[in-house]
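Trainee: Chains A and B, in that order, are what the protein sequence lines are.
First residue of the first sequence? That's 1 in UniProt numbering, and the numbers climb one at a time after it.
First residue of the second sequence? That's 1 in UniProt numbering, and the numbers climb one at a time after it.
There's a structure below that I have some questions on.
Number of protein chains: 2
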Amino acid sequence: MHQKKLKLADLAKLAGVSTSTASRALNDNPLIKQETRERIQQLAKEHNFSLNAAASRLRLQKTKVIAVLINLDSETEQSIDDPFLLKVVSDINLAVNRQGYELLLSNSFMAGDDWHGYFIDGRRADGVIVVGQGKQQALIESASKAGMPLVVWGDPKTEADYVIVGSDNYLGGKLAADHLISRGCKAPLFLGEPEHAEIGERYSGFCAAIASKGIEEECQLLKIDITSQAAYDAINLKLRSDGLDFDGIFACSDMVALGAMKALKERYVSIPNDVHIVGFDDIAMADVSFPSLTTIRQDTKQAGELLVNKLLAQLDGEQVVSSQLAIKLVERQSS
Amino acid sequence: MHQKKLKLADLAKLAGVSTSTASRALNDNPLIKQETRERIQQLAKEHNFSLNAAASRLRLQKTKVIAVLINLDSETEQSIDDPFLLKVVSDINLAVNRQGYELLLSNSFMAGDDWHGYFIDGRRADGVIVVGQGKQQALIESASKAGMPLVVWGDPKTEADYVIVGSDNYLGGKLAADHLISRGCKAPLFLGEPEHAEIGERYSGFCAAIASKGIEEECQLLKIDITSQAAYDAINLKLRSDGLDFDGIFACSDMVALGAMKALKERYVSIPNDVHIVGFDDIAMADVSFPSLTTIRQDTKQAGELLVNKLLAQLDGEQVVSSQLAIKLVERQSS
DNA sequence: GATCTTTATGCAAACGTTTGCAATAGGGCT
DNA sequence: AGCCCTATTGCAAACGTTTGCATAAAGATC
């Protein structure tokens, strides 16, 4: 078993100095003689000493913690299933750590209605990153109004008085449409729910590109949930009722694209000969599927870093604005 | 902006009681008259009051936090890519929350070498759940020896003096092999690295079933990393050098299976006619791939709950032992 | 040698809870 | 009236840091 926990005072006694000196030494305060500092740090290491974070946070009124708030499906309280969002969280985690902060993984269930109260007043975190397309606009709004340091992963073009980081969804939609057209598509189909802000932008970009080629007559929109199952079902249904009246698909996410692909393949629709498909996200699966999936890549690593940096800048009192990540078309076999 | 943060003393003053009464009231302590309790709780709600978690933790010597330690690839410091592990984390999150605890998402990079010191002495968490096949056996061992409350996601058959929760990998391997054989496979191939504990068990179960049918002569093992890319490359290479000298694959994970499937499809090997495939995990993609993937389902929801419950039991001083989760063969088109 | 800097350290208060113990009031009983 | 018992509340200490201010020692300047 473990020996009794050392407190700073014990360490100080061991070193023959006062607690204040020990504290300053561990924090590398230049007020303390270099030599003393090193001696105490060495001693701390030998004894596996660690500061009590609770005490430290109480005294400093800072936690060195960033909370990541994942919007759960409020109906089912389901955990997130979309691999893309989980990847974003994972990359945020790394970025947070690189800055010496810790990551509190939370969700709408824990945080309740008063996010500022829970996280900030409750001294659980210094700031919050919100991830995931929730219907929680109102809660975000009011937390932001209450002065909670906050950055949101979403569509950066959205008008809001809080900071948003996200991809250039409009351009993504445009690129996807241009690509489909360049492949000879005459009757492209958009698969997704444009009411959702990010997807709405993708749809706008998509439509703009389509319109500029004058083929908007033949362009269709199929509103579905952002899951592969929904895409699979929707495409199946559509093929049964309308037949194959489209020759290209732009799916609002890779998971959606893969669901659609499966439905098509089951009915022996050839990809990309009969239907060209473009997805969005570039999750790992996009490269592994057969045929591999052409898609618009979102840079999650950069996203994580940007989200964190902007939040920390806010904590430093800087004025911060929303910003947009570059996206990139990755051509593969499906188109 | 936000009004100045209320402290418990302020709330007490507003209610016309002492701090101690207010504290007890908020914690629903029966020492306080029911009516007073309700009045104070009501008042707290009205003023969006929340207790300072730092102060509370300092006083209580408890954090009500559980840390989840994800073993990063120590070489590349890459974030996790495997959708299955991320799903496990996500389900742990829910289970943790349901118990009224919070989740600190951490990794080997932050925790350093002295996990007990960092998490427990540092009062960052009350206990730790380790996820992910790290080479960190030694660190786990010593943290456990130091008395750190700990549960590990891994292979529960492994001899260890800490508590492990995981699926019945041996049985999973057996089921997979039996299934392949029942489909007429005569020359099955195992895809994965048996040095890894969990995969080793799957391989043992697989071999046992194969041997009982007397076809071990034709059985092959292809050692690869647990990524779809590695599987894709390995199968490609094998087809080129040996030709198609197997008629079934048991992949150590779904991602691996999907990588293998892609390589086969590109060479027009028919699935399941020429080669039957069984994966492991049952990630969302297994159902969406084409053909959909037969696989051994691991129950991540139950895993999350079991991991958390066992950890909390340890915190309550109970004696806890490793345990095994039931798995299930999910038959789909690939076999 | 007296005064002023500079350098290095220690003292003690404060951060906001929780809780053992003491205190008070009210009621029932003899 | 005196006593005990119960129900409810308050006082004050403690959790382990960090930091403004005071102090002490040593060197620099006149």
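Beta carbons: idealized from backbone N, C-alpha and C, even for Gly.
#1: Please list the segments of the beta strand (DSSP E) lying wholly inside the stretch 178-227 of chain B, counting only runs of 3 or more residues, in order along the chain.
#2: For A:D121, decide whether its Cβ has a neighbour in chain B, counting only Cβ atoms nearer than 8 angstroms.
#3: To which residues of the same chain is A:Q302 closer than 8 angstroms at the C-beta, ignoring the five residues directly before and after it?
#4: Run through chain A and tell me which residues come within less than 9 angstroms of B:L104, C-beta to C-beta.
#5: With the cut-off set at 8 angstroms, would you say B:A53 and A:R123 are in Cβ contact?
#6: Can you tell me where the alpha helix (DSSP H) holding A:F280 begins and where it ends?
#7: Tell me which residues share the same chain as A:D28 and place their Cβ nearer than 7 angstroms to its Cβ, disregarding the 5 neighbours each side in the sequence.
#8: Report yes if the C-beta distance between B:L222 and B:L191 is below 8 angstroms; otherwise report no.
#9: Residue ranges of each beta strand (DSSP E) run of no fewer than 3 residues wholly in the stretch 75-115 of chain A, ordered along the chain?
#10: Cutting at 7 angstroms between CB atoms, please list the residues of its own chain near B:A22, excluding the five before and the five after it.
#11: Do A:F290 and B:M285 have their C-beta atoms within less than 8 angstroms of each other?
#12: For B:Q137, does the three-state DSSP call read helix, strand or coil?
#13: With distances taken Cα to Cα, identify the nearest neighbour of A:K45 among B:D114, B:S323, B:A176, B:S204.
#14: Buried or exposed: which applies to B:D161, given that a residue is buried once 16 or more other Cβ atoms fall within 10 Å of its Cβ?
#15: Residues of chain A with CB under 8 angstroms from B:Y268, in chain order?
#16: Under 6 angstroms Cβ to Cβ from A:I235, same chain only, skipping five residues before and after it: list those, please.
#17: Which residues of chain B have a Cβ atom closer than 8 angstroms to the Cβ of A:I215, listed in chain order?
#18: Output the distance between the C-alpha atoms of A:A25 and A:V96, rounded to the nearest integer angstrom.
#19: What does the alpha-carbon distance come out to for the pair B:Q314 and B:G117?
#20: Between the stretch 251-268 of chain A and chain B, which residues of the former have CB atoms less than 8 angstroms from a CB of the latter, in chain order?
#21: Tell me whether A:R240 sits in a helix, a strand or coil according to DSSP, three-state version.
#22: Verify the CB distance criterion: does B:S212 have a CB-CB separation below 8 angstroms to chain A?
#23: At which residue ranges does the stretch 277-314 of chain A contain complete beta strand (DSSP E) runs of 3 or more residues, listed in the order of the chain?
#24: Could you run through the stretch 279-291 of chain A and flag, in chain order, every residue whose CB is less than 9 angstroms away from some CB of chain B?
#25: For chain A, is any of its Cβ atoms less than 8 angstroms away from the one on B:N97?
#26: Across the stretch 49-63 of chain A and the stretch 79-94 of chain B, are there enough close Cβ pairs to call them in contact, namely three or more that are closer than 8 angstroms?
#27: Rounded to whole angstroms, how far is the Cβ of A:A230 from the Cβ of A:A251, which I believe are closer than 8 angstroms?
#28: Name, please, each residue of chain B whose Cβ falls closer than 7 angstroms to the Cβ of A:K5.
Mentor: Quick answer:
#1: The stretch 178-227 of chain B contains these whole beta strand (DSSP E) runs: 188-191, 220-222.
#2: Taking Cβ atoms only, chain B reaches closer than 8 angstroms to A:D121, which makes this a yes.
#3: Within the same chain, A:Q302 has close Cβ partners L325.
#4: For B:L104, the chain A residues whose C-beta falls within less than 9 angstroms of its own C-beta are V65, E102, L103, L104, L105, listed in chain order.
#5: Contact flag set, yes.
#6: Careful: A:F280 lies outside any alpha helix (DSSP H), inside the beta strand (DSSP E) at 276-281.
#7: Counting only Cβ-Cβ distances below 7 angstroms, and skipping sequence neighbours, we find R37.
#8: The criterion of a C-beta distance shorter than 8 angstroms is satisfied by B:L222 and B:L191.
#9: Taking only runs of at least 3 residues, the beta strand (DSSP E) segments lying wholly in the stretch 75-115 of chain A are 102-107.
#10: The beta carbon of B:A22 sits closer than 7 angstroms to those of L8, L11, A12, A15, I40, all from its chain and outside the five residues before and after it, given in chain order.
#11: Contact: no.
#12: Secondary structure at B:Q137: helix, using DSSP grouped into helix, strand and coil.
#13: Answer by Cα proximity: B:D114.
#14: Burial call: exposed.
#15: Against chain A, a Cβ distance below 8 angstroms from B:Y268 picks out nothing, because the smallest value is about 11 angstroms.
#16: Cβ contact annotation for A:I235 (same chain, cutoff 6 angstroms, sequence separation greater than five): A260, A263, in chain order.
#17: Here the premise fails: no neighbours, minimum Cβ distance about 29 angstroms.
#18: Spanning the alpha carbons of A:A25 and A:V96 requires a straight line of approximately 25 angstroms.
#19: So the two alpha carbons sit approximately 18 angstroms from each other.
#20: For the stretch 251-268 of chain A, the beta-carbon criterion of a distance under 8 angstroms to any beta-carbon of chain B is satisfied by M255, L258, G259, M261, K262, K265, E266.
#21: Here A:R240 sits in helix by DSSP.
#22: For B:S212, the answer is no, since every Cβ of chain A falls outside 8 angstroms of its Cβ.
#23: With a minimum length of 3 residues, the continuous beta strand (DSSP E) runs that stay inside the stretch 277-314 of chain A are 294-297.
#24: Here the close residues are I283, A284, M285, D287, V288, S289, F290, P291.
#25: Closer than 8 angstroms to some Cβ of chain A, the Cβ of B:N97 qualifies, so yes.
#26: By the criterion of at least three beta-carbon pairs nearer than 8 angstroms, the stretch 49-63 of chain A is not in contact with the stretch 79-94 of chain B.
#27: About 11 angstroms separates the two Cβ atoms, so there is no contact after all.
#28: Within chain B, the residues placing a beta-carbon under 7 angstroms from that of A:K5 are D121, ordered along the chain.
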